[in-house]
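Engineer:
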Amino acid sequence: MSTHVRTLVSPARLRDTRGKVVYWTVFSLVLVGFTAAFLFPLYWAVTGAMKSPPELARVPSPIVPQEWHPESYGQAWQEMDLARYFLNTVVVAGGAWLFQLAVDVPAAYALSKLRPVLGNAIMGLMLATLMLPASALLVPTYLTIVDVPFAHVNLINSPAAIWLPAAANAFNIYLLKRFFDQIPGELLEAARIDGAGPVRVLVRIVLPMSKPIIAVVSIFAVVAAWKDFIWPLLVFPDPGAQTLSVALHRMEPDMPLNLLLAGLVLASLPMVAIFLVFQRQILAGLTAGSVKG
1 MSTHVRTLVS PARLRDTRGK VVYWTVFSLV LVGFTAAFLF PLYWAVTGAM KSPPELARVP
61 SPIVPQEWHP ESYGQAWQEM DLARYFLNTV VVAGGAWLFQ LAVDVPAAYA LSKLRPVLGN
121 AIMGLMLATL MLPASALLVP TYLTIVDVPF AHVNLINSPA AIWLPAAANA FNIYLLKRFF
181 DQIPGELLEA ARIDGAGPVR VLVRIVLPMS KPIIAVVSIF AVVAAWKDFI WPLLVFPDPG
241 AQTLSVALHR MEPDMPLNLL LAGLVLASLP MVAIFLVFQR QILAGLTAGS VKG
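Under the UniProt record's numbering, the first residue of the sequence shown carries the number 1, and numbering increases by one thereafter.
#1: Can you give me the start and stop residues for the alpha helix (DSSP H) that I173 sits inside?
#2: Should the region 214–229 be regarded as contacting the region 85–99, the criterion being three or more beta carbon pairs within less than 8 Å?
#3: Quick check on DSSP: helix, strand or coil for P212?
#4: Can you check which of these residues, N172, A262, Q66, N157, is closest to Q78 by C-alpha distance?
#5: Thinking C-beta only, is P237 closer than 7 Å to V246?
#6: To the nearest angstrom, report how far apart P208 and V201 are at their CA atoms.
#7: With DSSP as the reference, label H249 as helix, strand or coil.
#8: On the premise that A49 lies in contact with S72, defined as a C-beta separation below 8 Å, what is that separation, rounded to the nearest angstrom?
#9: Which residues bound the alpha helix (DSSP H) around A93?
#10: Can you round the beta-carbon distance between A167 and Q100 to whole angstroms, since I take them to be within the 8 Å contact cut?
#11: Classify D147: buried if its beta carbon has 16 or more other beta carbons within 10 angstroms, exposed otherwise.
#12: Distance, Cα to Cα, Q242 vs H152?
#13: State the Cα-Cα distance for the pair T129 and I213, rounded to the nearest angstrom.
#14: Under DSSP, the alpha helix (DSSP H) around L126 begins and ends at which residues?
#15: Nearest-angstrom Cα distance between T47 and A196?
#16: Between the alpha carbons of L188 and L118, how many angstroms are there, rounded?
#17: Among V26, D254, S210, which residue has its Cα nearest to the Cα of I183?
#18: Within its chain, find whatever has a CB closer than 8 Å to the CB of F229; leave out the 5 residues flanking it on each side and keep chain order.
#19: Going by CA-CA distance only, name the one from T89, P106, L269, Y174 that's closest to L125.
#20: By the 10 Å Cβ neighbour count, where 16 or more other Cβ atoms means buried, how is S218 classified, buried or exposed?
#21: Residues in its own chain within less than 8 Å of E55 by CB, not counting five upstream and five downstream?
#22: With a threshold of 8 Å on Cβ separation, who are the neighbours of T17 within its own chain once the five nearest residues in sequence on each side are excluded?
Structure (structure tokens):
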């Protein structure tokens, strides 16, 4: 029994010379249009930082700089002391990544393979937190950070103020659990028969098979911590402890626009590089629907 796939353009039309010309013309125009829509803001930011302040403030500002000033990037790096804020951001993002993996991976493994009592209800409550706007959680989370229960310590101006709230991420736990659900139970059962406990099964079997989804969760964790603004603004009142996003916002009124653009471009380069390097892992982790044993 043959099946016919209906498309917007019929196969007969695509075999026709005129149809091919029209199809590829429309396809090329759409592709170029979408590419330009995504790349032009990046081009404008990169080249805008190399314009002089009067040229950048001109309305409309020229698309191509009349005078190129690539030294703006070096000036922004030195005058804004970006090295310090890069280091602060790396510490914050790296710690958030480690804490999320330390909490989310065991939680997803327990919900997927150990199947605790009321596990589905717990997963449902976790997912319900995704329905809440982030702004609704700012006040209770801030009060918790100011006076941590039982420990009674104040984490303001400490990276732990970012690490601890980021540790339990419902979306990442859901992604990990869905991936762990695809791992054949026979493999885990065979390991248990050989005497492996739950922790050893997780470390020796589950984690090596879960590299794609762990890469995705890791990238999500790092990018979220790197670009976050509202929460670091609240918990880092000390300028010396601030991250890039907060520091650039604080220095905005006192900096020329071209240097501010240069600082924004430099701050975004690590995340762009991470995406370009790990884009295959991101797609592989998100589209992984099964694991072959």
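Glycine included, every Cβ here is placed at the ideal spot set by N, Cα and C. This structure is a prediction, so every number in the text was calculated from the model and none was measured.
Structural biologist: Once the coordinates are examined:
#1: 170–181
#2: yes
#3: helix
#4: A262
#5: no
#6: 10 Å
#7: helix
#8: 5 Å
#9: 82–109
#10: 6 Å
#11: exposed
#12: 23 Å
#13: 22 Å
#14: As written in the sequence, residue 126 is Met, which differs from the Leu given in the question. Taken as a continuous stretch (DSSP letters only), the alpha helix (DSSP H) holding M126 covers 119–128.
#15: 58 Å
#16: 22 Å
#17: S210
#18: S245, V246, H249
#19: Y174
#20: buried
#21: S61, P62, P65, Q66, E67
#22: none
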